[in-house]
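**Student:** Right, I'll just put the structure down here and ask away after.
Numbering (the working numbering), first residue to last: 65 to 322.
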């Protein structure tokens, strides 16, 4: 039942379908896929994030293409115009991520298994929330998603910071769906004076020297106490299973360091 030849334009549906044991249905993936490792080895790579190899995608004869974000709108349009079925998710919050992973389970005939997985995530969230009640002083956190322009974290990242026992210094921007609406300045960071800096620069390595030597930041808590961390984008900027399995646990580990 359901689609038999699926192309995943981003990592999160790939990871979820593997967790459901239905990876045989996947015929194409994104070149940015990191999880699971075997997907990188087994599956044909057909797309970047914004663009895709239309000829290669068509040659694989998919009966469904799954993507994420309005940023993939043009690619989705190109594929639809060529007669393909395209499903674009646009999840921004943790609750939407959980809901969308359930939808993927329904699509591949694994509703019960998907519910079991997402129920486990919900239980883990409740455990984290309970544990957070005993934290005497929660650290303030600046999460940087991009360097120039300086962009702070999307909604699920802000929510992940809260679940990890921190306080997002720019939580007032979390509901801004577009990256351009989450642009801040070095002075904004200076004024917020976060205890912790977390960088995850969406597809490229964080420049440690750039962060440490930023003139405006020299008096901030994270510089003074050397609480500067880098996170792999694949576990924090992918709105799927990785966030619960590795992303939030990693944040909790970082926040608990003295």
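No residue lacks a Cβ here, since even glycine has one placed at the ideal position from N, Cα and C. Being a predicted model, the structure only gives us computed values, none of them experimental.
Any chance you could list the alpha helix (DSSP H) runs of at least 4 consecutive residues sitting entirely within the stretch 219–271, in chain order?
**Tutor:** Counting only runs of 4 or more, we get 219–227, 250–256.
**Student:** Give me whichever residues DSSP pairs with residue 307 in a beta bridge.
**Tutor:** In the DSSP output, where bridge partners are listed per residue, residue 307 has none listed.
**Student:** Can you tell me the Cα-Cα spacing of residue 301 and residue 264, whole angstroms?
**Tutor:** Answer to the nearest angstrom: the Cα atoms are 8 Å apart.
**Student:** Using CA atoms only, rank isn't needed, just tell me which of 120, 209, 109 is closest to residue 245.
**Tutor:** Comparing Cα-Cα distances from residue 245 to each of 120, 209, 109, the minimum goes to 209.
**Student:** List the DSSP bridge partners of residue 206.
**Tutor:** Beta-bridge pairing links residue 206 to 261.
**Student:** Below 6 Å CB to CB, which residues in the same chain sit around residue 150 once its five sequence neighbours on both sides are set aside?
**Tutor:** Cβ neighbours of residue 150 beyond the five flanking positions: 129, 140, 143, 144.
**Student:** Quick one, which of 68, 66, 74 has its alpha-carbon nearest residue 304's?
**Tutor:** The candidate whose alpha carbon is nearest that of residue 304 is 74.
**Student:** Name, in chain order, the residues that DSSP records as bridge partners for residue 152.
**Tutor:** Beta-bridge pairing links residue 152 to 131.
**Student:** Would residue 205 and residue 230 qualify as a contact pair, given that the criterion is a beta-carbon distance under 8 Å?
**Tutor:** Their beta carbons are under 8 Å apart, which means residue 205 touches residue 230 by this criterion.
**Student:** Which residue marks the beginning of the alpha helix (DSSP H) containing residue 285, and which one marks its end?
**Tutor:** 285–288 is the span of the alpha helix (DSSP H), which, as asked, contains residue 285.
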